[in-house]
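**Student:** Please find one structure pasted underneath; my questions will follow.
Residue numbers (my numbering), protein chains in the order written: chain A, 3 to 552; chain B, -6 to 487.
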């Protein structure tokens, strides 16, 4: 059976391109090469459709190798319905970001693209990693290139923003690291597992003690350790304060990647790790996140409303939109979860598009203050139309992608709690208010000082900029009109998660299995017997450094 | 009782004897050629050959739990790997000494001799199976260092540093020796295996003299590895000493002494003394905090690194706590593995960071400030890139070597239920991110107008920095072979 390491290829190809670009002499030719490279990696990632089997929730295209057996760490990656679209979102946004930053990045072009492609590897890696330590490695590694992107190519307060971003996120994730280590020892000390492992599929089988009243039971503590890391990444109210700083200071491509993909690493973490591994705690403390999610929706919207800076407004709208995702996840039902996954993609597309649009106007005027605009519609008709469509998508008007996601989430959250659902619905209204009000102030009315400026007449979008926006606009309608094209790939995984959330397990398929459908493994089937036995033997033989000698 | 020493004793001592023999060559050359200093390169080559041959002998003859000199020395996996770390650090320090302006002088051959002498002391410490022998080793190591620090071209700071280190070090030695006396008086032995059997009963019967003896010995060690509250000399001495010597002190001294500490805590008997456990845990916790908090405020690069090395001693103490107060047999061996791995990682990172300081110091002047690295990312991209890797690794960013070092230590702490120490440790490493990233901010995000700083060649120092950056990446990604080698050496099976 042909075994092509497709996922590894997708994950590490950007890093390879980064290395190639780093070796190029000078800055010339970096941009075209980056564009071609990003298109190639998007093309390769489309191969996933060929090998991905939507009919099973099993983990597919699995690759498993031993990495540091002494610490129980393996290189174990795979894809299922939860991560599939996030991988594609990541690879899809890269060419757009490269093309969109054609003029935005003027200095150190080569270094910028190296950082961008390295970041791509880290993000993709965290979506496919099925070993907790491997996940942590990618999760943390993604901080470094983003830190440089914000810190080198950012605005005036870039150093402050990048430092805050790095330390905030790291502070959240180190406790998760300890929780991971604890889980690994729990796996070792559990009957039936009995060896030191960070393999997520094995850790799903752990039954961690949970007492309903006890905040101090292991499961609850682990739940909060993981949740803290992911909540900061999402970011959830009240730990969102790094986000507006980072967004405002980041260069346009940095903002697009940050909002489009990096924030999803947090919500993905909740779906992939928190809910299945700590089901009782998630059930029991889920209201905290429902509540904070709902507060975040309203708070983000209200704060966005009064922002004088368009980019900051979009940044706060992210807080609000990610609140919906959290709401959907912690509604703990199929509607909510489906909506949450869909909303992750929507947010990546519409907020990414908004950041790009803000960047485009900023390149022309070097100002993002709403006050200084006005009457843009008369001067920049194409820009206005595109901005309007994206605005509609962002406020979830029917027929756009945003509607499908928010509607499903609201359905789910009403099922979970009427009160929370009601609060969330007011968020929809506030969302419409701040976006449309901003739209009105920027595009209609009296011409603002920047728009009037005779010396610097504004030019409408260039062909390059339209090409950048076109795929996003197509997706906005495609995802809005035909959601099933997208959801059908995730359906079995979501159903499987929701039906078995108290005893979640995943089967695995390697590439050969997926091509040869007849040999496909049933949902929930564990590792094939021999493979499991083998891995146990090796893992036992290579017990952790910490556990040796007993 | 047979008083004759077998050949195996001499085989265990072979690395030290080789060092001793080879270290005399440059000095003798000088004596017989009418006090004419040989070419520094010749001296460096001799020094390197001495260390390399000692390393070869260590790898050949050490390991496998053999005793020598009537059980005064022990040769096991701990000793083998500690010797490797110490000797490699020594070799790179000699390289850096060859390049550095403060160590280049008419007395260069004497300096290499002293460094090799200090290495002999360190090997005695790591091989020692007896507290008295450990004391002898520590004194040999320290005496050479006192002189080495003072022998700088720079006049004021290094003399002050040497004097401070000497006075405080002698004081610590006295306490250490007193502790040994108390231990011998109560336990009746100073050899580690016998002592380890006595720890449980003596502490259980609340023998206070013994407890005080142990605490005194720990204090003596704490001084050498700059554990709070015995760390006050560290920034001054690290700053005053010539940078290559500082690198040597920060790596080799720490590695050797931590191995001795581990040997002292290879018993489960310590659990009977709750106060001792509290004291050592708090020492670990406060060392991390003090080191990191003080490093944040340092404008001087070397002082910042000095405080960072204090913080790393704190992390390493977590391993010691787990070894001594863990609840299972074999935890001491596990602690040996993770502590040695951390020491290896720490030594590589520290050598790299001091090599960086040495490279810049020469051009900027005596006290290198953190601000002096401004704009280096543009003017010296390779150098800055290597330093950035070293700094990220020190901060514990995966998948670099420093991350896996911390991973091992904190895993052990969690396994032995020292949750609060582990939590405290990772939170401290978040604090440390702040000052480790500061040079990176300055190198890459500021100072686009900074002037191009000329740097002298310093080939060997550059080599040290590049080597450490490459090792940090490679050994981080492929740490498995090293860990399994460590494991089989320490557990004595393959």
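All C-beta atoms, glycine included, are put in the ideal place defined by N, C-alpha and C.
1. Rounded to the nearest angstrom, how far is the Cβ of residue 393/B from that of residue 78/B, given a contact under 8 Å?
2. Considering only the beta carbon of each residue, do residue 167/B and residue 216/B sit closer than 7 Å?
3. Hey, how far is the Cα of residue 368/A from the Cα of residue 255/A?
4. Since residue 400/B meets chain A, which of its residues come closer than 7 Å, beta carbon to beta carbon?
5. Can you check which of these residues, 330/A, 415/A, 95/A and 462/A, is closest to residue 379/A by C-alpha distance?
6. Residue 134/B versus chain A: which residues are under 8 Å apart at the beta carbon?
7. Between the stretch 284 to 292 of chain B and the stretch 303 to 310 of chain B, do three or more beta carbon pairs fall short of 8 Å?
8. Counting only runs of 4+ residues fully inside the stretch 223 to 303 of chain A, write out the alpha helix (DSSP H) ranges in chain order.
9. Just to confirm, are residue 258/A and residue 354/A a CB contact at a threshold of 7 Å?
10. Mind checking if residue 254/B is an interface residue toward chain A, Cβ cutoff 7 Å exclusive?
11. Starting from residue 415/B, find everything on chain A with Cβ-Cβ shorter than 7 Å and list it in chain order.
12. Take the Cβ of residue 234/A as the centre, count every other Cβ of all protein chains shown within 10 Å, and call the residue buried at 16 or more, exposed below.
13. With 7 Å set as the bound, which would you pick, yes or no: does the beta-carbon of residue 339/B sit closer than that to a beta-carbon of chain A?
14. Along the beta strand (DSSP E) that carries residue 67/A, what are the first and last residues, could you check?
15. Looking at the secondary structure, which residues open and close the alpha helix (DSSP H) in which residue 460/A lies?
16. Name, going along the chain, the residues of the stretch 157 to 177 of chain A whose beta-carbon falls closer than 8 Å to a beta-carbon of chain B.
17. Could you check what DSSP says for residue 55/A in three-state terms: helix, strand or coil?
18. Determine the extent of the beta strand (DSSP E) in which residue 60/B is found, giving its start and end residues.
19. For a contact meaning CB atoms closer than 9 Å, what does residue 439/B contact in chain A?
20. Considering only the beta carbon of each residue, do residue 80/B and residue 44/B sit closer than 7 Å?
21. Closer than 7 Å, Cβ to any Cβ of chain B: which residues of the stretch 140 to 158 of chain A, in chain order?
22. At 7 Å on the CB atoms, spell out the chain A contacts of residue 391/B, in chain order.
23. My understanding is that residue 138/A touches residue 178/A, with C-beta atoms under 8 Å, so please give their C-beta distance in whole angstroms.
24. Please list the partners that residue 187/A has in chain B, where partner means a Cβ-to-Cβ separation under 7 Å.
25. Does the structure place the stretch 325 to 345 of chain B close enough to the stretch 432 to 447 of chain B that three or more beta carbon pairs sit under 8 Å?
26. Return the residues of the stretch 424 to 435 of chain B that lie within a Cβ-Cβ distance of less than 8 Å from chain A, sorted by chain order.
27. If contacts are defined as beta-carbon pairs under 8 Å, then residue 325/B and residue 56/B qualify, I think. What distance do you get, rounded to the angstrom?
28. What is the residue span of the alpha helix (DSSP H) that residue 386/B lies within?
29. Which residues, taken in chain order from the stretch 378 to 390 of chain A, show a beta carbon closer than 7 Å to some beta carbon of chain B?
30. Check residue 451/B in the structure and name its three-state DSSP category.
31. Can you tell me whether residue 541/A is helix, strand or coil according to DSSP?
32. Sorted by chain position, which residues of the same chain lie with C-beta nearer than 8 Å to residue 156/A's C-beta, five sequence neighbours on each side aside?
33. By DSSP, does residue 69/B sit in helix, in strand, or in coil?
34. Looking at the ligand ATP, does it come within less than 6 Å of residue 455/A, judged from the CB to the closest heavy atom?
35. By DSSP, does residue 78/A sit in helix, in strand, or in coil?
36. Using a 10 Å radius around the Cβ and a threshold of 16 neighbouring Cβ atoms, would you call residue 67/B buried or exposed?
**Tutor:** The answer reads as follows:
1. As a working mapping, residue 393/B is identified with position 400 in the second chain. As a working mapping, residue 78/B is identified with position 85 in the second chain. Not confirmed; about 18 Å, so no contact.
2. Translated into positions along the second chain, residue 167/B becomes position 174. Translated into positions along the second chain, residue 216/B becomes position 223. Annotated as distal: residue 167/B and residue 216/B, with beta-carbon spacing of 7 Å or more.
3. Indexing the first chain from 1 puts residue 368/A at position 366. Indexing the first chain from 1 puts residue 255/A at position 253. Taking the straight line from one Cα to the other gives about 16 Å.
4. Within the second chain, residue 400/B is the residue found at index 407, counting from 1. Residues of chain A passing the Cβ test: 73.
5. Here the question's residue 379/A lines up with position 377 in the first chain. When each option's Cα is compared against that of residue 379/A, the closest is 462/A.
6. For the purposes of this step, residue 134/B is identified with residue 141 of the second chain, where counting begins at 1. Result: empty, since nearest Cβ-Cβ is about 28 Å, beyond 8 Å.
7. yes
8. 244 to 251, 254 to 259 and 265 to 271
9. Here residue 258/A is taken as the residue at index 256 of the first chain, counted from 1. Here residue 354/A is taken as the residue at index 352 of the first chain, counted from 1. Their beta carbons are under 7 Å apart, which means residue 258/A touches residue 354/A by this criterion.
10. Working through the second chain from its first residue, we reach residue 254/B at position 261. It does not: the Cβ of residue 254/B has no partner Cβ on chain A nearer than 7 Å.
11. Translated into the one-based positions of the second chain, residue 415/B becomes position 422. What residue 415/B touches in chain A: 180.
12. Your numbering for residue 234/A matches position 232 in the first chain. Buried, because 16 or more other Cβ atoms sit within 10 Å of the Cβ of residue 234/A.
13. Counting from one through the second chain, the residue named residue 339/B turns up at place 346. Not closer than 7 Å to any Cβ of chain A, the Cβ of residue 339/B fails to qualify, so no.
14. Here residue 67/A corresponds to residue number 65 of the first chain, with the count starting at 1. Secondary structure note for residue 67/A: its beta strand (DSSP E) is the uninterrupted segment 62 to 70.
15. The residue labelled residue 460/A in the question sits at position 458 within the first chain. For residue 460/A, there is no enclosing alpha helix (DSSP H), as DSSP marks it with neither H nor E.
16. Against chain B - using a Cβ distance shorter than 8 Å - the residues of the stretch 157 to 177 of chain A are 160, 161, 164, 165, 168, 169, 172, 173, 176 and 177.
17. Start at 1 with the first residue of the first chain, and residue 55/A comes out as number 53. In the structure shown, residue 55/A adopts coil according to DSSP, grouped into three states.
18. Numbered from 1 along the second chain, position 67 holds the residue referred to as residue 60/B. First-last of the beta strand (DSSP E) with residue 60/B: 59 to 61.
19. In the second chain, residue 439/B corresponds to position 446, counting from 1. Listed by position along chain A, the residues whose Cβ is nearer than 9 Å to that of residue 439/B are 161.
20. Numbered from 1 along the second chain, position 87 holds the residue referred to as residue 80/B. Numbered from 1 along the second chain, position 51 holds the residue referred to as residue 44/B. Closer than 7 Å, so yes.
21. Those residues of the stretch 140 to 158 of chain A that come within reach of chain B (Cβ to Cβ, closer than 7 Å) are 142, 143, 146, 150, 153 and 154.
22. Looking up residue 391/B in the second chain gives position 398. Correct list: 138, 139, 142 and 143.
23. As a first step, residue 138/A is located in the first chain; it is residue number 136 there, counting from the start. As a first step, residue 178/A is located in the first chain; it is residue number 176 there, counting from the start. Right, their Cβ atoms sit about 7 Å apart.
24. Counting from one through the first chain, the residue named residue 187/A turns up at place 185. Neighbours of residue 187/A on chain B, chain order: 407 and 408.
25. no
26. Flagged, chain order: 426, 427, 430 and 434.
27. Here residue 325/B corresponds to residue number 332 of the second chain, with the count starting at 1. Here residue 56/B corresponds to residue number 63 of the second chain, with the count starting at 1. That pair is no contact at about 17 Å.
28. If you number the second chain from 1, residue 386/B lands on position 393. Here the alpha helix (DSSP H) through residue 386/B covers 374 to 388.
29. none
30. In the second chain, residue 451/B corresponds to position 458, counting from 1. The answer is coil: DSSP assigns residue 451/B none of H, G, I, E or B.
31. The residue you call residue 541/A lines up with position 539 of the first chain. Caution is warranted here: a pLDDT of 41 is assigned to residue 541/A, below 50, making its placement in the model unreliable, and the coordinate value is therefore given only provisionally. The answer is helix: DSSP assigns residue 541/A an H, G or I state.
32. Residue 156/A sits at position 154 when you count from the first residue of the first chain. So the qualifying residues of the chain are 163, 164, 251, 252, 253 and 256.
33. The count along the second chain starts at 1 and reaches residue 69/B at position 76. Of the three classes helix, strand and coil, the one that applies to residue 69/B here is coil, per DSSP.
34. Absence of the ligand ATP from the depicted structure is noted, as is the absence of any ligand whatsoever, leaving it without description.
35. For the purposes of this step, residue 78/A is taken as the residue at position 76 of the first chain. In the structure shown, residue 78/A sits in a strand (DSSP, three-state: E or B).
36. Along the second chain, one-based indexing puts residue 67/B at 74. Only buried fits residue 67/B, as 16 or more other CB atoms lie within 10 angstroms of its CB.
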